[in-house]
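Participant: Next up is a structure, given as structure tokens.
This is the structure in structure tokens:
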């Protein structure tokens, strides 16, 4: 059974005092007589404690606080005065614990019959809605524990959290109604509930329709609290949005981006944008192009070789990811109802077992074997600390695809293309898309989306002009300019000219930190600024944008919304190293909701 706490008119959950100043501490009195720290410790001991207390107040957290605790405990054993320690424990630093330590503390409190109340959340910007919620939760029991989502699991977009986990924990700990705070170790509170075993797990009520936070986390948290004999409770306090406050009043985005978001919010709702993405589930998509395995060699740079002008590095570890059309298909499989893949696979060093293990199991694969050739592998060497790329090595057979292989590939393409709502060609210029394959893709597809990539392996020979037709195109600005042989000309007329030559309904041009522009044959141009705040790795961002915008274009998403979706996806993808993971609906939907508040 779920309990719901009615709203209260007044809140008594006021911020607690900051860590008390040193001169305030001697004013703490026992029931018998005042206790001065100098009396208790002597002058030398008082100076030592003063230094440690000052460090604790300035934020040198664990080491300084441990020192204060040691000094105080020594004092207590001599003076029998425990109120000083209570004063310390009521401060912000004393409330924040590691989860393991907190579990031990709560176990002892439960044995004494205390009722434990547990709240969990991001608490990125502490506001009156949070305070009302926590005060209402505190009324349910004797001890209120709050766990804070760690930075690495805050799925509200790359611009969040606005405040790091330690500061968020300190803000919560400053409230008098909160007894203990811990930084969580998992994406949800499920494991935390299992460890802390509270009597009540308390969440604020959500009035919007659909799954809470676009995930099933609350369902699994309810199962967890019931499994430990507890109860899920919802408070019904006045709600506010930290995302709204952050978007409006903190300098997270540039003025241009803030202005765009204000305009976009006035035209569209988060539910409308998310609804468009959810509608992709009815599409059947065929992905065509080259299979690529991306290998990242993480190294520590040691310096110049002693005798040669060579940079020497110490190898730390190796990571491999599925790239090329494999990555595109994995992104699509999280959103579209049916995804199939047509690609070439080498017979030498095929990496087939690795590829099949990393592909989404819902993807139907159609691989054509290429005798005497390896599956394409791109090995990049990176400086580990900053993830800066030093150089890369290609493993591939750089020659024309043999005629029997081309015949098998084109035969499969001719058979499969008419069966799908969308054929998406990711052409990396490594030989799979021969003139015959291009002709079939253009002639047999109901809706054709194309990306042609320029890279070191094709040296600029792989431009969009090799395709006579495309319904949707997604390219980077350098690839557009290379096709038009125009380094500095106005990008818009160049884009429109190429789009009209191809007969494209929409043409997206990604521009890195400048965002993107979208040409729509009916509505003209739309321009959208970038939303990326932090960039971990740009490799794969274009693949993610292509994967999510192509089906949107096939369903007629308008250009401004298409550009918005492209840049949200691009911002998410830039936070992923290589192709370690793929765009997930719940994370993308939370990001969109966060931006539009």
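Residue numbers (the numbering used here): 15 to 611.
Glycine residues also receive a C-beta, built at the ideal position from the N, C-alpha and C atoms.
So what does DSSP say about residue 202, is it helix, strand or coil?
Facilitator: Note: residue 202 maps to coil in three-state DSSP.
Participant: Over what stretch of residues does the beta strand (DSSP E) that includes residue 161 continue unbroken?
Facilitator: 157-162
Participant: Any idea what DSSP makes of residue 285, helix, strand or coil?
Facilitator: Reduced to three states, the DSSP call for residue 285 is helix.
Participant: Buried or exposed: which applies to residue 363, given that a residue is buried once 16 or more other Cβ atoms fall within 10 Å of its Cβ?
Facilitator: exposed
Participant: In angstroms with no decimal places, state the Cα-to-Cα distance between residue 295 and residue 393.
Facilitator: 34 Å
Participant: Would you mind working out which of 124, 299, 190, 402 sits nearest residue 352, comparing C-alpha positions?
Facilitator: 299
Participant: Rounded to whole angstroms, what is the Cα-Cα separation between residue 469 and residue 475?
Facilitator: Near 9 Å, if we compare the C-alpha coordinates of residue 475 and residue 469.
Participant: Could you give the distance in angstroms between the alpha-carbon of residue 467 and the alpha-carbon of residue 441?
Facilitator: 6 Å
Participant: According to the Cβ coordinates, are residue 189 and residue 568 closer than 9 Å?
Facilitator: no
Participant: Only counting the same chain, and skipping five residues up and downstream in sequence, which positions put a Cβ closer than 6 Å to that of residue 610?
Facilitator: 279, 284
Participant: Using a 10 Å radius around the Cβ and a threshold of 16 neighbouring Cβ atoms, would you call residue 575 buried or exposed?
Facilitator: buried
Participant: For the putative contact between residue 160 and residue 136, defined by C-beta atoms under 8 Å, what is the C-beta separation to the nearest angstrom?
Facilitator: About 11 Å separates the beta carbons of residue 160 and residue 136, which is beyond the 8 Å limit, so they are not a contact pair.
Participant: Just to confirm my understanding: we take residue 348, look at its own chain, exclude 5 residues before and 5 after, and list those with CB closer than 8 Å. What are they?
Facilitator: 374, 596, 597, 598, 599
Participant: Provide the residue span of the alpha helix (DSSP H) that contains residue 507, from first to last.
Facilitator: Secondary structure note for residue 507: its alpha helix (DSSP H) is the uninterrupted segment 505-516.
Participant: Under the three-state reduction of DSSP, which class applies to residue 552: helix, strand or coil?
Facilitator: When secondary structure is reduced to three states using DSSP, residue 552 falls in the coil class, being assigned neither helix nor strand.
Participant: By alpha-carbon positions, which one of 250, 111, 201, 209 ends up nearest to residue 183?
Facilitator: Nearest C-alpha to residue 183 among 250, 111, 201, 209: 111.
Participant: So if DSSP puts residue 520 in a beta bridge, which residue, or which two residues, is it bridged to?
Facilitator: DSSP lists 486, 534 as the beta-bridge partner residues of residue 520.
Participant: Count Cβ pairs between the segment 426-442 and the segment 452-467 that sit closer than 8 Å; are there 3 or more?
Facilitator: yes
Participant: Using the rule of at least 16 other Cβ atoms within 10 Å of the residue's Cβ for burial, across every protein chain shown, is residue 316 buried or exposed?
Facilitator: exposed
Participant: State the start and end residues of the unbroken beta strand (DSSP E) segment that holds residue 314.
Facilitator: 298-318
Participant: Where does the unbroken beta strand (DSSP E) through residue 214 begin, and where does it stop?
Facilitator: Looking at the DSSP string, the run of the beta strand (DSSP E) that includes residue 214 is 214-218.
Participant: Pick from 508, 518, 542: whose alpha carbon is nearest that of residue 564?
Facilitator: Nearest C-alpha to residue 564: 518.
Participant: Within 10 angstroms of its Cβ, does residue 277 collect 16 or more other Cβ (buried), or is it exposed?
Facilitator: exposed
Participant: Since residue 250 is in the beta strand (DSSP E), which residue starts that stretch and which ends it?
Facilitator: Element bounds for residue 250: n/a, residue is neither H nor E.
Participant: Please state the DSSP three-state secondary structure of residue 402.
Facilitator: strand
Participant: Helix, strand or coil for residue 390, going by three-state DSSP, please let me know.
Facilitator: The three-state secondary structure of residue 390, taken from DSSP, is strand.
Participant: How many Å lie between residue 410 and residue 379 at the Cα?
Facilitator: 21 Å
Participant: At 3 residues or longer, what runs of the beta strand (DSSP E) sit wholly inside the segment 399-467?
Facilitator: 402-409, 436-441, 462-466
Participant: If we count the other Cβ atoms within 10 Å of its Cβ and call it buried at 16 or more, is residue 329 buried or exposed?
Facilitator: exposed
Participant: If the criterion is Cβ atoms closer than 9 Å, does the pair residue 342 and residue 303 meet it?
Facilitator: yes
Participant: By DSSP's criteria, residue 338 is part of a beta bridge. Which residues make up the other side?
Facilitator: 305
Participant: Excluding the 5 residues preceding and the 5 following residue 239 in the sequence, name in chain order all residues of the same chain whose CB lies nearer than 6 Å to its CB.
Facilitator: 207, 215, 246
Participant: In this structure, does DSSP put residue 51 in helix, strand or coil?
Facilitator: Only weak support is given to the placement of residue 51: the predicted model assigns it a pLDDT of 41, under 50, and the question is left unresolved by the model.
Participant: Mind checking who residue 208 pairs with in its DSSP beta bridge?
Facilitator: BP columns for residue 208 are empty, so no partner.
Participant: For residue 188, name the three-state secondary structure that DSSP assigns.
Facilitator: coil
Participant: Measure how close the beta-carbons of residue 198 and residue 134 come, nearest whole angstrom, since I'm counting them as under 8 Å.
Facilitator: 7 Å
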